[in-house]
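Student: Below is the structure I would like to discuss, written out as structure tokens.
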Amino acid sequence: DVKVTQSSRYLVKRTGEKVFLECVQDMDHENMFWYRQDPGLGLRLIYFSYDVKMKEKGDIPEGYSVSREKKERFSLILESASTNQTSMYLCASSPGQESYGYTFGSGTRLTVV
Amino acid sequence: GDSVTQMEGPVTLSEEAFLTINCTYTATGYPSLFWYVQYPGEGLQLLLKATKADDKGSNKGFEATYRKETTSFHLEKGSVQVSDSAVYFCALSDPYNTGFQKLVFGTGTRLLVSP
């Protein structure tokens, strides 16, 4: 069964900490995405990557960065965590064809205190 | 830009009732359309999709038809079960506009089914 695996289901961090959220996919997909999900706002795209070492800003990149050193791994970095970054973070991957849709991970619920 | 509009939730139904969740979209080109489902505490799963006008996507008793003339992709199920309780997201992919496969999501509709 193909999978997108996020390293943590729940995470609690302190304000100002540097936070790493890891995502690994085993489907050899070219594209990978990071979203955050908040009540009433749906899913908002933070960053995406269409190839190794390539990255593009999404709709809400401020306060975040990403790294993709290998095709299967896409990391989201919160440079200095703040309480307004408390959210559910969802990683997804997809092949190059636009009609295939995404495969999502189970999500990481991050709380910044 | 592209956008997806879903009906506000929650939608509350009794078991075996008929379900409709409305979804309309705005897109520049000819998008592909998707429905995703999110069960409590989990990520999103692809439920069904349609890639061109008049296509019908179906899965697990759910159906949705791509209506270009009304720019809609409404989700339907003839008889819901308690296990269908979840949040449902409508989404589109419009590479003509974005130049890249990027999904645009609606805000989600929560479905609550009681026994």
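So the sequence lines, in the order shown, correspond to chains A and B. Numbering-wise, the first sequence is residues 6 to 118 according to the working numbering. Numbering-wise, the second sequence is residues 146 to 260 according to the working numbering. In this text, a Cβ means the ideal position worked out from N, Cα and C, and glycines have one as well.
Ordered along the chain, which non-local residues of its own chain (more than five positions away) have a Cβ less than 7 Å from that of residue 49(A)?
Tutor: Here the set comprises 40, 41, 64 and 65.
Student: Can you tell me whether residue 225(B) is helix, strand or coil according to DSSP?
Tutor: Here residue 225(B) sits in coil by DSSP.
Student: What does residue 81(A) touch in chain E if you count any residue whose Cβ is under 9 Å from its own?
Tutor: This model lacks chain E altogether, as its protein chains are A and B.
Student: Classify residue 178(B) as buried or exposed, calling it buried when 16 or more other Cβ atoms lie within 10 Å of its own Cβ.
Tutor: It is buried - the Cβ of residue 178(B) has at least 16 other Cβ atoms within 10 Å.
Student: Mind checking which residues open and close the beta strand (DSSP E) that includes residue 203(B)?
Tutor: Its beta strand (DSSP E) spans residues 201–204.
Student: So, using beta-carbon positions, are residue 198(B) and residue 184(B) closer together than 8 Å?
Tutor: Against a cut-off of 8 Å, the Cβ pair of residue 184(B) and residue 198(B) comes out as no contact.
Student: Please state whether DSSP places residue 181(B) in a helix, a strand or coil.
Tutor: Residue 181(B) falls in the strand class under three-state DSSP.
Student: In angstroms with no decimal places, state the Cα-to-Cα distance between residue 28(A) and residue 78(A).
Tutor: In a straight line, the C-alpha of residue 28(A) is about 6 Å away from that of residue 78(A).
Student: Using CA coordinates, which residue listed in 260(B), 167(B), 205(B) and 206(B) is at the minimum distance from residue 252(B)?
Tutor: Comparing Cα positions, the closest option is 167(B).
Student: Using a C-beta to C-beta distance shorter than 7 Å, which residues of chain B count as neighbours of residue 111(A)?
Tutor: Per Cβ cutoff of 7 Å: 187 and 188.
Student: Can you grab the Cα-Cα spacing for the pair residue 237(B) / residue 189(B), in whole Å?
Tutor: The straight-line gap from Cα to Cα measures roughly 15 Å.
Student: Go ahead and label residue 69(A) buried or exposed: buried means 16 or more other beta carbons lie within 10 angstroms of its beta carbon, across all protein chains shown.
Tutor: Answer is buried; the Cβ neighbour count reaches 16.
Student: What does the alpha-carbon distance come out to for the pair residue 58(A) and residue 19(A)?
Tutor: If I take the Cα positions, the gap works out to 29 Å.
Student: Please list the residues of the stretch 49–66 of chain A that have a C-beta atom closer than 9 Å to any C-beta atom in chain B, keeping them in chain order.
Tutor: Cβ contacts with chain B: 49, 50, 53, 55, 61 and 63.
Student: If I follow the unbroken beta strand (DSSP E) through residue 105(A), where does it start and stop?
Tutor: Careful: residue 105(A) lies outside any beta strand (DSSP E) and carries neither H nor E.
Student: Cβ of residue 68(A) less than 8 Å from any chain B Cβ?
Tutor: So, not an interface residue.
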